[in-house]
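Down below is the structure, laid out as structure tokens.
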Amino acid sequence: MTTSLDRPRRITRLLVTGGAGFIGSNFVHRTLAMRPDVHITVLDAMTYAANPANLSGTGVELVVGSVADAALVDRLVVSLGEGTGDAGGAAVVHFAAESHNDNALRDPLRFVRTNTEGTAVLAEACVRHGVHLHHISTDEVFGDLPLRGSGEPGSEDRFTVDTPYAPSSVYSASKASADHLVRAFVRSHGLSATISNCSNNYGPRQHPEKFLPRQITGLLDGETPRLYGTGENVRDWIHVDDHNDAVWAILDRGVAGETYLIGADGERSNLECVRALNGIFGRDGDDFVHVTDRPGHDLRYAIDPSSMHALGWTPRFTDFAAGLADTVAWYRDHRDWWETSRKDAELVYRATEDILDP
Ligand code: NAD
Ligand code: TDX
Numbered sequence: 313m314t315t316s317l318d319r320p321r322r323i324t325r326l327l328v329t330g331g332a333g334f335i336g337s338n339f340v341h342r343t344l345a346m347r348p349d350v351h352i353t354v355l356d357a358m359t360y361a362a363n364p365a366n367l368s369g370t371g372v373e374l375v376v377g378s379v380a381d382a383a384l385v386d387r388l389v390v391s392l393g394e395g396t397g398d399a400g401g402a403a404v405v406h407f408a409a410e411s412h413n414d415n416a417l418r419d420p421l422r423f424v425r426t427n428t429e430g431t432a433v434l435a436e437a438c439v440r441h442g443v444h445l446h447h448i449s450t451d452e453v454f455g456d457l458p459l460r461g462s463g464e465p466g467s468e469d470r471f472t473v474d475t476p477y478a479p480s481s482v483y484s485a486s487k488a489s490a491d492h493l494v495r496a497f498v499r500s501h502g503l504s505a506t507i508s509n510c511s512n513n514y515g516p517r518q519h520p521e522k523f524l525p526r527q528i529t530g531l532l533d534g535e536t537p538r539l540y541g542t543g544e545n546v547r548d549w550i551h552v553d554d555h556n557d558a559v560w561a562i563l564d565r566g567v568a569g570e571t572y573l574i575g576a577d578g579e580r581s582n583l584e585c586v587r588a589l590n591g592i593f594g595r596d597g598d599d600f601v602h603v604t605d606r607p608g609h610d611l612r613y614a615i616d617p618s619s620m621h622a623l624g625w626t627p628r629f630t631d632f633a634a635g636l637a638d639t640v641a642w643y644r645d646h647r648d649w650w651e652t653s654r655k656d657a658e659l660v661y662r663a664t665e666d667i668l669d670p
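Following the working numbering, the numbering of the sequence shown begins with 313 at its first residue and continues without gaps.
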């Protein structure tokens, strides 16, 4: 079901869930810089993935709690703006999630509670109080594609808004379920909502459990990059600021009931990424180790971003090498931010990971 949007929304009040994590905190910083008239409240459970430093100095109100806490969510959505509806001035932007595939292998039910149940709780509160919901989802809901040039059916495809859902992991299945629930609340309960499915983000403040920051912080500590399996897996990289600008394009001009796919034509194999990072550190490109592969490891993601181009959005960070070098510089300058979380993440990794190279 779609509702036509005859004029841009003018959003002035936001509840940002997961605003102390990687993409959410970058969204808060970018919004404060670009739209100083927007009032922001953050709801974040402050899990291991959040960093209190991410919001320090911003002045935004941080409510510590879970998106699955129906009473708390109801209170926050009420105070955001009763009855503002699709064209009104208030919206929830829902980033909060358990976001790491490797953790979903260890503790899958946590992902269902936060990602699936938490999204349903938010959707229900938004229906009840007539507030627009923008749900942040991922390209992983579509499953994976064969490698380009492999000759397999689908090897030259990219994900589109019409690609059927085929999630591989409990993480991506919990996000896929959340997307379905948002659509069901739109169709059967009259929720005003938009959904975006984005590809892999990179940039400042990403937790060192994730691929690029893990390698960058490892290199800063004098360690060798670690590739899962062969390293042929492809991800479609986008700078976090481009993702967040796309979210604002949807908040401003997106049609309620619609889904938008956000990507920046950034397909790179993990091997290419590691070689690029080694280059930035002045090392031999092939100085890395192969480690135990991720069970169920998706092969290739690729986004067709034409639904976003139709909204007038295009990415600004089109030079991946430059974006990567800037990201390395950020981690070099912010050791205090990542040192403890890297130690914690590596303890978990090293307990299960074997080096496969001689
Ligand atoms: P992140 O793990 O860095 O941050 C998630 C935030 O959510 C953290 O601050 C955490 O404390 C909070 N959180 C976790 N459980 C919560 C709960 N029950 N209630 C309230 N807050 C809770 O994740 P991220 O990489 O910033 O991802 C943000 C969103 O973007 C997620 O929905 C993710 O699925 C989606 N996404 C991420 C990427 C990517 O490349 N990182 C790509 C596409 C989509
Ligand atoms: O040490 C590593 N070595 C390695 O080769 C790690 C941590 C990862 N990898 C590989 C696995 C993936 O092919 O790198 C690729 C990227 O891994 P992650 O950073 O864990 O991301 P991914 O699993 O692709 O999921 C990401 O993109 C989609 C985000 O974490 C999700 O939240 C988002 O939905």
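A virtual CB, placed ideally from N, CA and C, is assigned to each residue, including glycine.
Since the structure is predicted, the reported quantities are computational estimates derived from the model, not experimental observations.
Quick check on residue i: does DSSP put it in helix, strand or coil?
| i | result |
| --- | --- |
| aspartate 548 | strand |
| alanine 399 | In this prediction, alanine 399 has a pLDDT of 43, which is less than 50 and means its spatial position is unreliable; what the coordinates show is noted afterwards. Three-state DSSP puts alanine 399 in coil, outside helix and strand. |
| serine 511 | coil |
| alanine 576 | coil |
| glutamate 570 | coil |
| glycine 440 | Residue 440 is actually arginine in this sequence, not glycine. In the structure shown, arginine 440 sits in a helix (DSSP, three-state: H, G or I). |
| valine 473 | coil |
| histidine 264 | Any property of residue 264 remains undetermined from this structure, which presents the chain solely from 313 to 670. |
| serine 316 | For serine 316, the pLDDT reaches just 43, beneath the cut-off of 50, and the residue's location in the model is therefore unreliable, although a value from the coordinates is still provided. If DSSP states are grouped into helix, strand and coil, serine 316 belongs with coil. |
| isoleucine 592 | helix |
| arginine 387 | helix |
| valine 375 | strand |
| isoleucine 323 | coil |
| tyrosine 540 | strand |
| histidine 446 | strand |
| serine 581 | strand |
| valine 350 | coil |
| histidine 501 | helix |
| proline 627 | coil |
| aspartate 557 | helix |
Report the residue from the options whose alpha carbon sits nearest the alpha carbon of residue i.
| i | options | result |
| --- | --- | --- |
| glutamate 410 | His501, Gly597, Leu539 and Ile335 | Ile335 |
| glutamate 452 | Val328, Arg325 and Leu573 | Leu573 |
| histidine 501 | Asp533, Cys510 and Ala437 | Ala437 |
| glycine 541 | Tyr477, Arg647 and His602 | His602 |
| aspartate 491 | Pro348, His646 and Thr431 | Thr431 |
| leucine 524 | Thr324, Leu668, Tyr643 and Gly401 | Tyr643 |
| threonine 604 | Ile667, Gly371, Asn590 and Ala383 | Ile667 |
| alanine 614 | Asp386, Leu623, His406 and Asn513 | Asn513 |
| isoleucine 448 | Gly594, Asp596 and Ala558 | Ala558 |
| proline 627 | Leu659, Gly575 and Ala657 | Gly575 |
| threonine 428 | Asn413, Asp381 and Ser489 | Ser489 |
| tryptophan 529 | Leu636, Ser378 and Ser337 | Residue identity check: residue 529 is threonine in the sequence provided, not tryptophan. That would be Leu636, whose Cα lies nearest to the Cα of threonine 529. |
| methionine 346 | Thr324, Thr639 and Leu355 | Thr324 |
| leucine 388 | Asp356, Leu417, Asn363 and His412 | Asp356 |
| aspartate 656 | Ser378, Pro520 and Leu417 | Pro520 |
| glutamate 535 | Val586, Glu579 and Leu503 | Val586 |
| arginine 538 | Asp386, Val372 and Glu665 | Glu665 |
| arginine 342 | Pro617, Ala362, Val372 and Asn556 | Asn556 |
Please report the Cβ distance between residue i and residue j, rounded to the nearest whole angstrom; I am assuming they are in contact, meaning their Cβ atoms lie under 8 Å.
| i | j | result |
| --- | --- | --- |
| leucine 611 | leucine 457 | 7 Å |
| leucine 563 | histidine 446 | 6 Å |
| valine 405 | valine 328 | 5 Å |
| valine 354 | alanine 380 | Contact flag wrong, Cβ pair sits at about 16 Å. |
| alanine 365 | tryptophan 649 | 6 Å |
| glycine 624 | alanine 561 | 6 Å |
| leucine 589 | glutamine 527 | 5 Å |
| arginine 393 | valine 443 | Just to set this straight, residue 393 is glycine in the shown sequence, not arginine. Contact holds; Cβ gap of about 6 Å. |
| valine 546 | arginine 580 | 7 Å |
| glycine 578 | tryptophan 549 | 4 Å |
| tyrosine 483 | alanine 416 | 4 Å |
Is residue i close to the ligand NAD? I mean its beta-carbon at under 6 Å from any heavy atom of the ligand.
| i | result |
| --- | --- |
| asparagine 512 | yes |
| isoleucine 335 | yes |
| glycine 697 | A question about residue 697 goes unanswered here, because the residues of the chain that appear run from 313 up to 670. |
| threonine 475 | no |
| serine 489 | no |
| alanine 332 | yes |
| histidine 553 | Reading off the sequence shown, one finds aspartate at residue 553, where the question assumed histidine. Checking every heavy atom of the ligand NAD against the Cβ of aspartate 553, none is found closer than 6 Å. |
| glycine 430 | yes |
| alanine 409 | yes |
| alanine 361 | yes |
Say yes only if the C-beta of residue i is nearer than 6 Å to one or more non-hydrogen atoms of the ligand TDX, and no if none qualify.
| i | result |
| --- | --- |
| lysine 655 | no |
| tyrosine 540 | yes |
| arginine 671 | The structure shown does not extend to residue 671, since the chain spans only 313 to 670, so no value can be given for it. |
| phenylalanine 672 | Outside the shown range of the chain, which is 313 to 670, sits residue 672, and nothing can be said about it. |
| arginine 547 | yes |
| threonine 604 | no |
| asparagine 556 | no |
| glutamate 535 | no |
| asparagine 413 | yes |
| phenylalanine 523 | yes |
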